[in-house]
Amino acid sequence: MENVKENGSIENVTVETVKGEVITLGELYGLSRSVFELSSSVPSMKGKIVYALTKNEPIFEKYLTNADNERSEMLKNYVKLDKKGKFKYVKHSKEEIEKGQSPVLDYKSNKDKNAAATKIQNHMETVIEINLHKIDIKEFESLDIAPSRNTNIGLFIKYLVSETPIVRMN
142 MENVKENGSI ENVTVETVKG EVITLGELYG LSRSVFELSS SVPSMKGKIV
192 YALTKNEPIF EKYLTNADNE RSEMLKNYVK LDKKGKFKYV KHSKEEIEKG
242 QSPVLDYKSN KDKNAAATKI QNHMETVIEI NLHKIDIKEF ESLDIAPSRN
292 TNIGLFIKYL VSETPIVRMN
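In the numbering used here, the protein residues as written are 142 to 311.
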């Protein structure tokens, strides 16, 4: 990839010009989840990898916070609200709660539930362009990954692993 002369100059260096990644909001949610899964399941990581993952956190937060706010605004048209304007949830029986039933939004009607699902699906398909901090494939290969604990690892590889060597210049 590169030859460094004694005086510090570099010959034959390929520097990948990184344009923004085109990604859907749904993929961005999955990618964010994959970073969390990887961080919590790999016993140790090299500093370069931790650095790259940390550099992406504010990017994820910016877009996903905005997407969550837009989603909430959309749902207000379809979900029952309490007196404070908060979403109402279906009340579960004690048995359902004990079985681990998750809270479910209380929609105004089945028609509203279907319309909300369609709107949210369309929202998740919104395409955005973002700049992500990537890791070199050689760094990625050093990780001891359990695919069963990293359900979105494919998104991680697709968007955060660079197959071409990365040359960082300050």
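Using N, Cα and C, we set each Cβ at its ideal position, and we do this for glycine too.
Below 8 angstroms between beta carbons: does that hold for residue i and residue j?
i: V220; j: K249; result: yes
i: R174; j: N272; result: no
i: S180; j: R290; result: no
i: R222; j: Y170; result: Correcting the residue type first, residue 222 is Leu in the shown sequence and not Arg. No, these two residues do not count as a Cβ contact at 8 angstroms.
i: H264; j: R212; result: yes
i: E266; j: T165; result: yes
DSSP on residue i, reduced to helix/strand/coil?
i: T195; result: helix
i: N144; result: Its pLDDT being 36, under 50, N144 is placed unreliably by the model, and the measurement read from it follows with that caveat. Strand at N144.
i: S185; result: coil
i: E202; result: helix
i: I190; result: helix
i: N210; result: helix
What are the partner residues of residue i, as DSSP defines its beta bridges?
i: S175; result: According to DSSP, which records beta bridges pairwise, S175 is partnered with nothing at all.
i: T165; result: V268
i: S303; result: D277
Meets three-Cβ-pair contact criterion under 8 angstroms: the stretch 286-303 and the stretch 231-239: Because the criterion of three Cβ pairs below 8 angstroms is not met, the stretch 286-303 and the stretch 231-239 do not touch.
Completely contained beta strand (DSSP E) runs for the stretch 220-292, where each covers 3 or more residues: Qualifying beta strand (DSSP E) stretches, in chain order: 268-271.
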